[in-house]
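K.L.:
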Amino acid sequence: MAAFLEIVFPVKIGLGATGGPQRKTQVVQSGSGKEERNQQWANSRRSWDVGTGIRDIYEAEQVLSFFEDVRGRLSGFLFCDPFDLRSCAILGNPSATDQAIGTGDGATTAFQLTKTYGSANPYMRKISKPKQDSVLVAVDGVALDAADFSVDHTTGLVTLADPPAVDAAVTAGFEFYVPVRFDTDDLSIAWENNALISVPSIPVLELIL
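Taken in order, the sequence shown gives residues 1 to 209; the numbers are from UniProt numbering.
1. Please state whether DSSP places residue 177 in a helix, a strand or coil.
2. Between which two residues does the beta strand (DSSP E) harbouring residue 150 extend?
3. Under the assumption that residue 50 contacts residue 70 (Cβ atoms under 8 Å), give the Cβ distance between them as a whole number of angstroms.
4. From residue 87 to residue 174, what does the alpha carbon distance come to, in whole angstroms?
5. Between the Cα of residue 146 and those of 155, 159, 140, 154, spot the shortest distance and give me the residue it belongs to.
6. For the alpha helix (DSSP H) that residue 40 lies in, which residues bound it at each end?
7. For residue 206, count neighbouring C-beta atoms within 10 Å of its own C-beta (all shown protein chains included) and say buried if the count is 16 or more, exposed if not.
8. Closest to residue 140 by C-alpha separation, out of 165, 202, 15, would be which residue?
9. Got a sec: does the ligand PLP put a non-hydrogen atom nearer than 7 Å to the Cβ of residue 24?
10. If you scan the segment 12–39 from start to end, which runs of the beta strand (DSSP E) of 3 or more residues do you find wholly inside it?
11. If you pair each beta-carbon of the segment 179–191 with each one of the segment 117–126, do three or more pairs fall below 8 Å?
12. Leaving aside the five residues before and after residue 24 along the sequence, list all residues of the same chain whose C-beta is less than 6 Å from its C-beta, in chain order.
13. With distances taken Cα to Cα, identify the nearest neighbour of residue 18 among 27, 35, 46, 8.
14. Considering just the uninterrupted stretch of the beta strand (DSSP E) at residue 7, what are its terminal residues?
15. Skipping 5 residues on each side, what residues in its chain have a beta carbon closer than 7 Å to that of residue 85?
16. Please name the residue, chosen from 106, 30, 56, that lies closest to residue 163 on a Cα-to-Cα basis.
17. Verify whether the separation of the beta carbon atoms of residue 153 and residue 115 is less than 8 Å.
18. Got a sec, what are the start and stop residues for the alpha helix (DSSP H) residue 65 sits in?
19. With burial defined as no fewer than 16 other Cβ atoms inside 10 Å of the residue's Cβ, what is the status of residue 14: buried or exposed?
20. Whole angstroms is fine: what's the gap from residue 97's alpha carbon to residue 90's?
21. Determine the extent of the beta strand (DSSP E) in which residue 203 is found, giving its start and end residues.
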């Protein structure tokens, strides 16, 4: 079976998930009380509990079916992060100038979609799973027609029909999914008289591709 399936976890249920990014930092404290902190992961890794998004027996059935489809932890899939799903502000609409994805050199035509967080010490995150038909691209602030570029929705690589001029700013806007897998091989949901009694924690973990 494929290690990754390009299928989307039920979006309505996923929007009720709880979770977010995790980082790994080593903290060493000296005898004087001073600390030395070392970053152990270059990238943050997100995780969620999708059990909190299940509100009725029908949604529980959807999750059970999806869980079996991907064989528990075996296969990865696409997840819509309820808190971070666009190149712009969470309630905004993507525009072609949202994110800088490269600078022209007169020859290069392929550019990786990325999203940058913060300004004091910016973190650039690779976006490998853009949503179909959501990607907008501009060169030096001028939006390109859809016919002037293509998008690999399995990698997030954008290829322009013509190479941008030297020093031209290449930007993009988009919506995106996160590649994930279940972080459990067990699913236990209790119900009685067509009503949910209890829903377990159902952990989902981001895959760094």
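We treat Cβ as the ideally placed atom computed from N, Cα and C, and that holds for glycine.
P.N.:
With the given structure in hand:
1. coil
2. 149–152
3. Not quite, the Cβ-Cβ distance comes to about 13 Å (not below 8 Å), so this is no contact.
4. 5 Å
5. 159
6. Run containing residue 40: none; DSSP gives neither H nor E here.
7. buried
8. 165
9. This structure simply doesn't include the ligand PLP, nor any ligand for that matter.
10. 18–22, 25–29, 35–39
11. no
12. 40, 41
13. 46
14. 4–8
15. 175, 176
16. 106
17. no
18. 57–69
19. buried
20. 16 Å
21. 203–206
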